[in-house]
Structures are given as C-alpha cells and as structure tokens.
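Notes for the one structure printed next.
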Amino acid sequence: MPVHRGRGIAAAVTASLAEALFARGARSVWLEYSGEGSRRVYERVGFRPGGSRLYLTLEE
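Here the numbering used here is used: the first residue of the sequence shown is 426, the next is one more, and so on.
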C-alpha cells in the first residue's frame, strides 16, 4: 500500500529472511523483481544482478 512505502519495511523483511536462510546453510539466495521499486529494495539490502531470465509461453 502506498501509505507504507518508503519506510524500509520491505528491505528489513528481505534482509531478515536472507539472513535466516544463510544461517540455515543456504549458499545463495535468488530473487526476481517485477519493477524498479523492488529492484532498488533488493539492491539496498545487498543483492546484485546475477543474470537474466527469459520466459516463453505457448498458447494452445
């Protein structure tokens, strides 16, 4: 919701979840973003682009 944006909530949740995964033995964490806002949140936490993904849908 727009009223909650810009308060650092998404960054705090993302950082906490990534930290918990690493504490449990994960060697990497992969996230996909759907827009520039989420990309900036992930980069603020420390994630960096590692590649790209292509999707193909065949309609029947």
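Glycine residues also receive a C-beta, built at the ideal position from the N, C-alpha and C atoms. Quantities reported herein were computed from a predicted structural model and do not represent experimental measurements.
Residue nearest to residue i in terms of C-alpha spacing, selected from the options
i: Arg-469; options: Arg-432, Arg-452, Glu-485; result: Arg-432
i: Trp-455; options: Tyr-467, Arg-449, Glu-461, Gly-462; result: Tyr-467
i: Phe-472; options: Glu-444, Leu-483, Ala-448; result: Glu-444
Delimiting residues of the alpha helix (DSSP H) encompassing residue i
i: Phe-447; result: 434-448
i: Glu-468; result: 461-470
Rounded distance between the beta-carbons of residue j and residue i, thought under 8 Å
i: Arg-452; j: Tyr-458; result: No, Arg-452 and Tyr-458 are not in contact; Cβ-Cβ is about 21 Å, not under 8 Å.
Minimum Cβ-Cβ distance from residue i to chain C less than 8 Å
i: Arg-473; result: The structure shown contains no chain C; it holds only a single protein chain.
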